[in-house]
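There are 2 protein chains.
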Amino acid sequence: MKQSLLFVPTLKDAPSDAEVKSHKLMTRAGLIKQVAAGIYSYLPLGYRVIKKIEKIIREELDKIGASELLLPALQPRDLWDESGRWDKYGPELMRLKDRKDRDFCLGPTHEEVITQVVRDYLNSYKKLPLALYQIQTKFRDEMRPRFGLMRGREFIMKDAYTFTETEADLDTWYQKFSDAYTAIFKRCGLKTRIVSSDVGQIGGDEADEFMVMSEVGEDLITYCTDCDYAANQDHSKLNDGDDCPVCGGTITTAQGIEVGNIFKLGTKYSESMNAKVINEDGQHIPVIMGCYGIGISRTLMASVEQHATDKGLLWPDEITPFHIHILPINVNNETHMTLANTLYTSLKEKGIEVLIDDRKERAGSKFKDSDLMGIPYRIVVGKDAKNGQVEFTNRYESETSLKTIEDILDFF
Amino acid sequence: MKQSLLFVPTLKDAPSDAEVKSHKLMTRAGLIKQVAAGIYSYLPLGYRVIKKIEKIIREELDKIGASELLLPALQPRDLWDESGRWDKYGPELMRLKDRKDRDFCLGPTHEEVITQVVRDYLNSYKKLPLALYQIQTKFRDEMRPRFGLMRGREFIMKDAYTFTETEADLDTWYQKFSDAYTAIFKRCGLKTRIVSSDVGQIGGDEADEFMVMSEVGEDLITYCTDCDYAANQDHSKLNDGDDCPVCGGTITTAQGIEVGNIFKLGTKYSESMNAKVINEDGQHIPVIMGCYGIGISRTLMASVEQHATDKGLLWPDEITPFHIHILPINVNNETHMTLANTLYTSLKEKGIEVLIDDRKERAGSKFKDSDLMGIPYRIVVGKDAKNGQVEFTNRYESETSLKTIEDILDFF
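Chains as they are written, first to last, in our numbering: chain P, -7 to 404; chain G, -7 to 404.
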């Protein structure tokens, strides 16, 4: 793609209210732009990363047999009255009236709607299990929106819901989603820990959170350094430095960013909203539900926190907006541009996503923008172009060397 | 994909309020489900078609050099005060207050937000042209939501915006989008006509609509039968049967479904919202804007109106949710299932999207569901399986014949 057409409004300075590295860099690199407190536009470079994360999620959830659908953001009050949450949910629930004065809310979560969608269809246990997911914009009127996409009022989530006949089947799906989440976050370049958690306003019997360790995380978690999953045990009464009674390791407390959560809902919604099936014994029983969320915009933010330096971003391989950034030093120099365009075309033909900085900007400003944007491989076409050579940088290794076109096509 | 996991809640009868063929069939075939008046859930089969349409749109707009981003649904009142539309827009604009009593609306269109996004960045004419698009859920509080997805209150749109220095550049982009639209609708299996139209609440200087001829269309249009683009002329004062003063053909009046529109906005938003650039002469001039919409959920609906019979759907090749539907007559018969699974695996390996009806349902009910769902090629695995043969139907041609696995793999 040509950078002149991409719209990447990089900034010299971060906005004054940006407190954390990811928020500062994502604004400066032209990934996002604030529209109102906690409400952002995803600009082309940032949205490309969002779509990569969504693709990974779809691939991993399709693998475990979940089906994608799309539920509405506008939800009528009557469904929330059925579950009892219209009165219980606080001011975080954004409410509005339509032109006929009927109450609606903007979905922060979709247990009610998904239950309405499946309950007419469910008659026999033979229709189970069902596993449905969606990728959608959610709304939550946070008291104090902060940290950019970390705690926003409009954000992108993947939410999924399972319907099973038995607790054992729920356990099976809970584990399938847990494994899929581990795979998803790993592919997004994130190291996560699983931590048991409160069920909160969602309700249900049991819940786990997927946490990315980070000094800007908002949750305090306790875990043992040598054991990834020890955090899944109840360590809440232990302190930094204590011995873990389960695995004997040393307890550590740290901050975490919650990027995903999974809940065993049980029959909370199926009972109140009358979603029942007839089992093999001919009895009407409420279906057993699970729900499973991933904060997609927050995953993008966590990845920036984990991988960026103060100078600029650096994207993990599977979610980078482009693989290669080609910088011709002087777009008026025919030798530079011929070599740059040949490389651009040849790499694109190999199916590699390439961005070429064809703007009439000074070299210094192109380098600064490129540092900010964090595309992992950079090819500078400049004074060595007359010898058919370019400067190639692998930013994962911080290595730069002179290479020919053939060297580069061989490398990829 | 296995049908038992897909969630396709087919219905024997259409809901009583469904007036038109597409609404009846889309509900009966388990593509959509109503949540409130004019508000629908897209179920897995319907959402697969939506994603196919989105893919086509992305491919065609990427070709003309437009970049994708995502703007928020929640828009603060101050932007709409700048453009003057907060007061002018009627009760179709859904309005709400946040917890701090600040006014917001749910975007029916995004001229204000996109102008806010680009105006800080635009300083020189050198930054132009810009062409940006998004695929997003929109909101409009219709007085009388009807015809399923045709006139909904929450719907999926592609909207695009161009920013240019001169009217001539706007004309170039307007034509690029017009050509891209023709390609998009053709790939979606739709025959469209271009009709000049009112600028309405969007405003601006000139507008055209892309119309699908249909008896359930809500707009009356006049055109000459022999000339696709004659509708682009002003025929509004002519009647059915008149001679066209431009091409001499016979004027026809018919109903049309509007699936796309393109507007020359001029400087309406850039002047009121102060989006200016410095031109080559050093003068500050407002940028010239265009905007370009496609109703994605409505395109799905129009495709069903144009292709379905009263018995069931029939999907055009590029937007079909699956290419092949495999129906093993008896899932307990080992011969049927071995052959069906071999076909399923072999076709999938060729990159073909296959749905296999692995449900323990009676054959009659499988056939009925399959007729409704409208996947173009059907393979029935039944009594001839013992001879290695299956019944193959090409529903575009209404042809059925006995074939071997090899015949089928050769055909695709």
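Cβ atoms here follow ideal geometry from the backbone N, Cα and C, with glycine treated the same way.
Environment of residue i [buried if 16+ CB atoms lie within 10 Å]
| i | result |
| --- | --- |
| Q26 (chain G) | buried |
| Y388 (chain G) | exposed |
| R351 (chain G) | buried |
| R94 (chain P) | exposed |
| F403 (chain G) | exposed |
| E201 (chain P) | buried |
| A160 (chain G) | exposed |
| E391 (chain P) | exposed |
| T244 (chain G) | buried |
| D151 (chain G) | buried |
| P83 (chain G) | exposed |
| E11 (chain P) | exposed |
| V238 (chain P) | exposed |
| A222 (chain G) | Any reading at A222 (chain G) must be qualified, since the residue scores a pLDDT of 49, below 50, and its modelled position is unreliable; no value is offered. |
| N253 (chain G) | buried |
| F384 (chain G) | buried |
| T337 (chain G) | exposed |
| L88 (chain G) | buried |
| G209 (chain P) | buried |
| E272 (chain G) | exposed |
| T107 (chain P) | buried |
| M135 (chain P) | exposed |
| D235 (chain P) | exposed |
Below-8 Å beta-carbon distance, residue i vs any chain P residue
| i | result |
| --- | --- |
| F384 (chain G) | no |
| M265 (chain G) | no |
| P320 (chain G) | no |
| K118 (chain G) | yes |
| P278 (chain G) | no |
| P83 (chain G) | yes |
Under 7 Å by beta carbon: chain P residues contacting residue i
| i | result |
| --- | --- |
| Y113 (chain G) | P1 |
Anticipated Cβ contact below 8 Å, residue i with residue j, distance rounded
| i | j | result |
| --- | --- | --- |
| G248 (chain P) | V296 (chain P) | Rounded, the Cβ-Cβ distance is 16 Å, inconsistent with contact. |
| L331 (chain P) | V372 (chain P) | About 11 Å; that fails the 8 Å criterion. |
| H328 (chain G) | G374 (chain G) | 7 Å |
| E146 (chain P) | T129 (chain P) | 6 Å |
| Y153 (chain P) | M281 (chain P) | 6 Å |
| L37 (chain P) | M365 (chain P) | 7 Å |
| S170 (chain G) | L(-3) (chain P) | 19 Å between Cβ atoms; not a contact. |
| I24 (chain G) | Y32 (chain G) | 5 Å |
Test: residue i CB closer than 8 Å to a CB of chain G
| i | result |
| --- | --- |
| A65 (chain P) | yes |
| L364 (chain P) | no |
| V109 (chain P) | yes |
| L305 (chain P) | no |
| R136 (chain P) | no |
| P100 (chain P) | no |
| E51 (chain P) | no |
| Y221 (chain P) | Because Y221 (chain P) carries a pLDDT of 49, less than 50, the predicted location of this residue cannot be relied on, and no value is offered for it. |
| D73 (chain P) | no |
| E60 (chain P) | yes |
Interface residues of chain G facing residue i [CB-CB closer than 9 Å]
| i | result |
| --- | --- |
| T312 (chain P) | Near T312 (chain P) there are no residues of chain G at all, since even the closest Cβ is about 16 Å away, more than 9 Å. |
| V105 (chain P) | V27 and S33 |
| E146 (chain P) | P64, A65 and L66 |
Within chain G, the residues that residue i reaches when beta carbons sit closer than 8 Å
| i | result |
| --- | --- |
| G57 (chain P) | K(-6) and L(-3) |
| K130 (chain P) | What K130 (chain P) touches in chain G: nothing, since even the nearest Cβ is about 10 Å away. |
8 Å Cβ cut-off: residues of chain P touching residue i
| i | result |
| --- | --- |
| K340 (chain G) | Here the premise fails: no neighbours, minimum Cβ distance about 12 Å. |
| L124 (chain G) | F(-1) and P36 |
| D90 (chain G) | M86, D133 and R145 |
Closer than 8 Å to chain A by CB, residue i
| i | result |
| --- | --- |
| D79 (chain P) | The displayed structure is made up of protein chains P and G, and chain A is not among them. |
Cross-chain neighbours of residue i in chain P, by beta carbon under 9 Å
| i | result |
| --- | --- |
| K360 (chain G) | Going along chain P, no residue has its Cβ under 9 Å from K360 (chain G), so there is no contact; the nearest lies around 16 Å. |
For this session: Determine which residues of the region 16 to 41 of chain G have a Cβ less than 7 Å from any Cβ of chain P, and write them out in chain order.
Result: The residues in question are K25, V27, A28, I31, Y32, S33, Y34, L35, P36 and Y39.
Problem set entry | chain P contacts from the region 370 to 401 of chain G (Cβ-Cβ distance under 8 Å) | Within the region 370 to 401 of chain G, no residue has its Cβ closer than 8 Å to any Cβ of chain P.
Problem set entry | Positions along the region 345 to 356 of chain P whose CB lies within less than 7 Å of some CB in chain G | K352
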